Amino acid sequence: MQQALDLAYRGIGLTSPNPAVGAVVVDSADKIVGRGSHTYNGVKHAEVLALEEAGAKAKGGTLYLTLEPCSHQGRTGPCVDAVIAAGIARVVAATHDPNPRVAGKGFARLRAAGIKVTQGILEPQATRLNEWFAKWIKTRLPLVTLKAGMTLDGKIAPPPGESDSPSALGSGGATGGWITSEQARAHVQLLRHASDAIMVGVGTIVADDPLLTDRTGEPRRRPLLRVIVDSRLRLPPGSRIAKTVKDDVLVFCSFAEEKKRKALEARGIRVEQVALGPGDDGRPDLARIVKALGAMEITSLLIEGGALVNWAALAAGIVDKVFLYYAPKILAGTGSVPFAGGAGFRHLSEAAYVKNITLHRFGEDFAVEGYLRDPYEMSI
Numbered sequence: 053m054q055q056a057l058d059l060a061y062r063g064i065g066l067t068s069p070n071p072a073v074g075a076v077v078v079d080s081a082d083k084i085v086g087r088g089s090h091t092y093n094g095v096k097h098a099e100v101l102a103l104e105e106a107g108a109k110a111k112g113g114t115l116y117l118t119l120e121p122c123s124h125q126g127r128t129g130p131c132v133d134a135v136i137a138a139g140i141a142r143v144v145a146a147t148h149d150p151n152p153r154v155a156g157k158g159f160a161r162l163r164a165a166g167i168k169v170t171q172g173i174l175e176p177q178a179t180r181l182n183e184w185f186a187k188w189i190k191t192r193l194p195l196v197t198l199k200a201g202m203t204l205d206g207k208i209a210p211p212p213g214e215s216d217s218p219s220a221l222g223s224g225g226a227t228g229g230w231i232t233s234e235q236a237r238a239h240v241q242l243l244r245h246a247s248d249a250i251m252v253g254v255g256t257i258v259a260d261d262p263l264l265t266d267r268t269g270e271p272r273r274r275p276l277l278r279v280i281v282d283s284r285l286r287l288p289p290g291s292r293i294a295k296t297v298k299d300d301v302l303v304f305c306s307f308a309e310e311k312k313r314k315a316l317e318a319r320g321i322r323v324e325q326v327a328l329g330p331g332d333d334g335r336p337d338l339a340r341i342v343k344a345l346g347a348m349e350i351t352s353l354l355i356e357g358g359a360l361v362n363w364a365a366l367a368a369g370i371v372d373k374v375f376l377y378y379a380p381k382i383l384a385g386t387g388s389v390p391f392a393g394g395a396g397f398r399h400l401s402e403a404a405y406v407k408n409i410t411l412h413r414f415g416e417d418f419a420v421e422g423y424l425r426d427p428y429e430m431s432i
């Protein structure tokens, strides 16, 4: 099963909007005879690829699979049919498929055909691997992760105007001055690679001039969509993000002045106007933005905004999980930029409650990964 998971991880960045799945076929003599890893462009599912490689040796063998085989007609035929036809005697699956069209039906079909089914092996790893798929397939909304790098006292940047301040990114920008370590910043790139889209506010673009790209060097099925929340279309035409457009920049605004809109669209930047959010800050409705991204088959969104965007995302209730990096530094002072700036929650009972916490170490830095809600328990 660990080998099947390793195969599934190869699909990160290559499967969306399909889940990442790995499969291993072991023959009746306990020898591995087939392996498969799903990619969206490859069309065929992992179990089918593994069975094809195994050929006749699959008969009487065991199929190790990270996700319940599908039992419906989609881009391919039902995978359970291929498993049954191959003569597999036992299927060991890490977890069920969160897709309501499948959810247990694949296992039921296998058992009805006389195939022994074992479920739950390395399930926590398998569910985390596809948590974005679980959220999107149930709600048609992307899994939203709020990421930030900060000091131990919760500051994401020195006071505005400081020469080494990268302002509100926390993990640095084009102006230099990193809060978090090189190891932590390298891990941020892995989060970007695993995401369909990244979102910041225009203030971050103006202050830091970031590229917002996936710099892992690993292949992707489609470019990382760079999303900018820009109420009045202040995005500088000379910014690095505007100069590197390859149909991968999308701006959401509230007020689309025609001249500014045409200037951005002339550079290949898509501009979408959405209604104002419920607050009084003039910012586009973040809930509507997330819904629009979900309709575009964006299954995962990484927010790397500044203090105001961080607070707006929390206040709008769109955040599913957080990944917060901490460096062993203390800025103190009233002028330093906090992680989330805004009205704030007025009572502890209203505070965003982070559950199922995992701690990560990156040299002297550490990170807190946790959930505001479980992607597998969501529904429309």
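In the numbering used here, the protein residues as written are 53 to 432. Quick reminder that beta carbons are idealized off the backbone N, C-alpha and C, glycines included. Predicted model only: the values in this text are computed from it and were never measured.
Cross-strand partners of residue i (DSSP beta bridge)
i      : result
Gly107 : According to DSSP, which records beta bridges pairwise, Gly107 is partnered with nothing at all.
Cys305 : Gln325
Thr203 : Ala379
Ala145 : Leu117 and Gln171
Tyr423 : Lys373 and Lys407
Val76  : Arg87 and Tyr116
Ala209 : Val389
Thr268 : Bridge partners of Thr268: none, in fact.
Supposed close pair residue i, residue j - CB separation, criterion 8 Å
i      : j      : result
Glu324 : Leu302 : 7 Å
Asp266 : Ser291 : Not a contact, Cβ separation roughly 18 Å.
Ala236 : Phe414 : 4 Å
His124 : Arg153 : 5 Å
Gly94  : Val132 : Not quite, the Cβ-Cβ distance comes to about 20 Å (not below 8 Å), so this is no contact.
Val254 : Val281 : 7 Å
Gly394 : Pro194 : Their Cβ separation, rounded to whole angstroms, is 23 Å, which puts Gly394 and Pro194 out of contact at 8 Å.
Thr351 : Asp248 : 5 Å
Glu349 : Pro69  : 5 Å
Leu264 : Val252 : 7 Å
Ala56  : Leu103 : Contact flag wrong, Cβ pair sits at about 13 Å.
Gly74  : Ala98  : 5 Å
Ala368 : Leu338 : 4 Å
Reduced DSSP category for residue i - H, G, I as helix; E, B as strand; rest coil
i      : result
Pro412 : A small fix is needed here, since residue 412 is His in this sequence, not Pro. Residue state, collapsed to three classes: strand.
Gly86  : strand
Tyr92  : coil
Ala367 : helix
Phe397 : coil
Ala178 : helix
Ala155 : coil
Same chain only: Cβ atoms within 8 Å of residue i, ignoring 5 sequence neighbours per side
i      : result
Ala294 : Leu287, Pro288, Val301, Leu316, Arg319 and Ile321
Leu204 : Tyr378, Ala379, Pro380, Lys381 and Ile382
Thr170 : Arg142, Val143, Val144 and Ala145
Phe391 : Ala200, Met202, Gly206, Lys207, Ile208, Gly222, Ala359, Asn362 and Leu376
7 Å CB neighbourhood of residue i in its chain, flanking five on each side removed
i      : result
Ser283 : Cys305, Ser306, Phe307, Gly334, Arg335 and Pro336
Arg244 : Ile250, Asp266, Leu276 and Leu354
Arg340 : Val326 and Ala327
Lys53  : It is worth fixing the name first, because residue 53 is Met in this sequence and not Lys. Answer for Met53: Tyr116, Val144, Ala146, Ile173 and Leu174, listed in chain order.
Lys343 : Leu193
Limits of the beta strand (DSSP E) - the one that residue i falls within
i      : result
Leu277 : Leu277 to Val281
Ile451 : An answer regarding residue 451 cannot be provided, because it is not within the stretch 53 to 432 covered by the chain.
Ile250 : Ala249 to Gly253
Beta-carbon proximity list for residue i, same chain, < 6 Å, skipping 5 on both sides
i      : result
Ala178 : Thr118, Ala146 and Thr147
Ala220 : Below a pLDDT of 50, predicted positions are generally treated as unreliable, and Ala220, at 37, falls in that range; the measurement from the model is reported next regardless. Contacts found: Ile208, Ala209, Thr256, Gly358, Ala359 and Val389.
Val85  : Val77, Asp79, Ala106 and Lys109
Lys373 : Thr197 and Tyr423
Tyr405 : none
Lys168 : Arg142
Residue i - containing alpha helix (DSSP H), residue span
i      : result
Cys131 : Cys131 to Ala137
Thr191 : Glu183 to Thr191
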